[in-house]
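Chemist:
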Amino acid sequence: MSAIDILVSEVGPRDGLQSIKSIMPTEAKKAWIRAEAAAGVPEIEVGSFVPPKLLPQMADTAEIVEYAGSIPGLAVAALVPNFKGAENAIKAGAHKLTLPLSVSETHSQANLKKTHEQVYEEVRKIVELLNSLPEDQRPEFEGGLSTAFGCTLEGKVPEKKVVEAAIKLMELGCDEVGLADTTGYANPAQLRRLIKLIRAEVGNDKLTGVHMHNTRGLGLANVLAALEEGITTVDSSLGGLGGCPFAPGASGNIVTEDLVFMLDSMGLKTGIDLDKLLQIRDIVVDALPGEDMYGFTPDSGLPKGYGENGKPGWGVAA
Ligand code: ZN
1318 MSAIDILVSE VGPRDGLQSI KSIMPTEAKK AWIRAEAAAG VPEIEVGSFV
1368 PPKLLPQMAD TAEIVEYAGS IPGLAVAALV PNFKGAENAI KAGAHKLTLP
1418 LSVSETHSQA NLKKTHEQVY EEVRKIVELL NSLPEDQRPE FEGGLSTAFG
1468 CTLEGKVPEK KVVEAAIKLM ELGCDEVGLA DTTGYANPAQ LRRLIKLIRA
1518 EVGNDKLTGV HMHNTRGLGL ANVLAALEEG ITTVDSSLGG LGGCPFAPGA
1568 SGNIVTEDLV FMLDSMGLKT GIDLDKLLQI RDIVVDALPG EDMYGFTPDS
1618 GLPKGYGENG KPGWGVAA
């Protein structure tokens, strides 16, 4: 794969699918992942290792991780809420594990049924397990700072708390931390401030990715602000799948197609073929009849003449 400027990490098979009621058949998940990898998407978060009782949509995650791991060149990420999940993710061969810590402790207790201290204990045990693995079999381990921009239960989340949680996760042995706008509350100024504050404590190379939602229409504005701070990994979901249960009509994650159009047209290399990417929606639409799909680029199509002068880059000075 040629060098890329920005790593687009597709999270639809995890974040999108876990947020909707319908269950996507395992074969459709595989076809979706296969098609995105073929379009050049370098990393996909393919599932979450939660008990199937809680999220039946994710019951086949081990099989999906194994399948995705067989696709050459694709980095396979998985969400792990606890030690048990991490064990299973490692067994299935995931390349990257993300453990979400809700900075809002109320949210943490409501969602994971765990206090911060209990989540940190899981992190400790996961790091121990990772350290016992041979170097070449050790997946990357990210501590995700979720509800970092505000919480549906607590409201405002103090920035000091986010920074403290980032420091703690790094002290416990995470490889890096990520910022997640779980609730779609973030704005560009707030995001820039938090990136700076966290990086000042943990180092620039320990915060390289953001996970933004588009609940209030600020998804891409936030991404641009993050790029200007030097962020190089951006999560997104094909068709903004998943929506937002608290905001009818609003997409959940930022839309992969719109994100790639923005990056590509700015001349930033993603390694993704936009034409191919735009065709993948059909796989998801067919497998999930009645689910809402979002995105402006898929609706409007590419601008006239797009890509004629070689890709990526359009509207870039010749
Ligand atoms: Zn999310």
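Residue numbers (my numbering): 1318 to 1635.
Note that the Cβ used here is the ideal one computed from N, Cα and C, for glycine as well.
Here the structure is a predicted model, which is why all the values come from computation and not from measurement.
1) Here's a check: name, in chain order, each residue in its chain whose Cβ is nearer than 8 Å to the Cβ of A1355, leaving out the five neighbours to either side.
2) For H1424, which residues of its own chain have a beta-carbon under 6 Å away from its beta-carbon, when the five flanking residues on both sides are left out?
3) State the Cα-Cα distance for the pair E1493 and T1343, rounded to the nearest angstrom.
4) Give me the Cβ distance between E1360 and I1597, rounded to the nearest whole Å; I'm assuming they're in contact under 8 Å.
5) Relative to the ligand ZN, is the shortest distance from any of its heavy atoms to the C-beta of A1332 smaller than 6 Å?
6) What is the DSSP secondary structure of P1417, reduced to helix, strand or coil?
7) Name the two residues that bound the continuous alpha helix (DSSP H) containing V1480.
8) Closer than 6 Å by C-beta to D1616: which residues in its own chain qualify, once you throw out the five before and the five after it? Chain order, please.
9) In terms of residue numbering, what span does the alpha helix (DSSP H) encompassing T1614 cover?
10) Assign T1499 to one of three DSSP states: helix, strand, or coil.
11) Taking the alpha-carbon positions, what's the M1583 to E1438 distance?
12) Would you mind giving the Cβ-Cβ distance between D1332 and G1556, rounded to the nearest angstrom? I have them listed as a contact below 8 Å.
13) Would G1472 be called buried (16 or more neighbouring beta carbons within 10 Å of its own) or exposed?
Modeler: The short version:
1) Residue mapping note: residue 1355 aligns to position 38 of the sequence shown, counting from 1. These residues qualify, in order along the chain: K1593.
2) The sequence position of residue 1424 within the sequence shown is 107, counting from 1. T1464, C1468 and L1470.
3) Position 176 of the sequence shown holds residue 1493. Position 26 of the sequence shown holds residue 1343. The alpha-carbon atoms of E1493 and T1343 are separated by roughly 31 Å.
4) Indexing the sequence shown from 1 puts residue 1360 at position 43. Indexing the sequence shown from 1 puts residue 1597 at position 280. E1360 to I1597, Cβ: 15 Å. No contact.
5) Sequence index remark: in the sequence shown, residue 1332 carries index 15 (1-based). What sits at residue 1332 in the sequence shown is Asp, not Ala. At least one heavy atom of the ligand ZN is nearer than 6 Å to the Cβ of D1332, so yes.
6) Within the sequence shown, residue 1417 is the residue found at index 100, counting from 1. Note: P1417 maps to strand in three-state DSSP.
7) Here residue 1480 refers to the residue found at position 163 of the sequence shown. Start and end: E1476 to L1489.
8) The residue labelled residue 1616 in the question sits at position 299 within the sequence shown. Nothing listed; no residue qualifies.
9) Within the sequence shown, the letter at position 297 stands for residue 1614. Run containing T1614: F1613 to S1617, per the alpha helix (DSSP H) assignment.
10) Translated into positions along the sequence shown, residue 1499 becomes position 182. Of the three classes helix, strand and coil, the one that applies to T1499 here is coil, per DSSP.
11) Taking the first residue of the sequence shown as 1, we reach residue 1583 at position 266. Taking the first residue of the sequence shown as 1, we reach residue 1438 at position 121. Distance between the alpha carbons of M1583 and E1438 is about 43 Å.
12) Counting from 1 along the sequence shown, the entry for residue 1332 is found at position 15. Counting from 1 along the sequence shown, the entry for residue 1556 is found at position 239. In fact, because the Cβ distance is near 12 Å, the residues do not count as touching under 8 Å.
13) Residue 1472 sits at position 155 when you count from the first residue of the sequence shown. Under this definition G1472 is an exposed residue.
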